[in-house]
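Heads up, the thing below is written out as structure tokens.
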Amino acid sequence: SLPFITADASGPKHIETTLSRAKFEQIAGDLITRCKTPVEQALKDAKLSASDLNEIVLVGGSTRIPAIQTLASQLAGGKAPNQSVNPDEVVAVGAAVQAGVLAGDVK
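This is the structure we're talking about:
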């Protein structure tokens, strides 16, 4: 992971630009929309509907994007996401729990 976009003989090359939220959401629109199907499939697989959900907790850095938060709320029947946890820490804790399950230390 490099702290710059590319480099040539004269050194690192950086891109510094201002991007409005509207432009970002336009650029990322397809990716944001693609998040919908896995959520719908997870609900279907669990035989649940949005009304069955008590709470939604968003995990991972991308959940800081307001458009992702809005989509999650829509998919959860209008429930606001619980934002009392650090989404990066939740991923780390989940990975630790899964490691414990795989190692047989956690049931």
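To convert, note that position 102 of the sequence shown is 91 in my numbering; the numbers rise steadily by one, no gaps.
C-beta atoms are modelled at their ideal positions from N, C-alpha and C, and glycine is treated no differently.
Tell me whether the beta-carbon of Val48 lies closer than 8 Å to the beta-carbon of Pro70.
no
Does the distance from the CB of Ile57 to the CB of Ile21 come in under 8 Å?
yes
If you draw a straight line from the C-alpha of Gly89 to the C-alpha of Asp77, how long is it?
19 Å
So, is Thr52 buried or exposed, given that buried needs 16 or more other C-beta atoms within 10 angstroms?
Under this definition Thr52 is a buried residue.
Could you name the residues of the same chain whose beta carbon sits closer than 7 Å to that of Val28, not counting the 5 residues immediately before and after it, in chain order?
Leu64
Identify, in the order they occur along the chain, each residue of the same chain with its Cβ nearer than 8 Å to the Cβ of His3, setting aside the five sequence neighbours on each side.
Phe(-7) and Ile(-6)
Please work out which residues of its chain come closer than 8 Å, Cβ to Cβ, to Lys68, disregarding the five sequence neighbours upstream and downstream, and give them in chain order.
Ala39, Leu42, Glu44, Ile45 and Ser62
Opening and closing residue of the beta strand (DSSP E) in which Gly0 lies
Gly0 to Lys2
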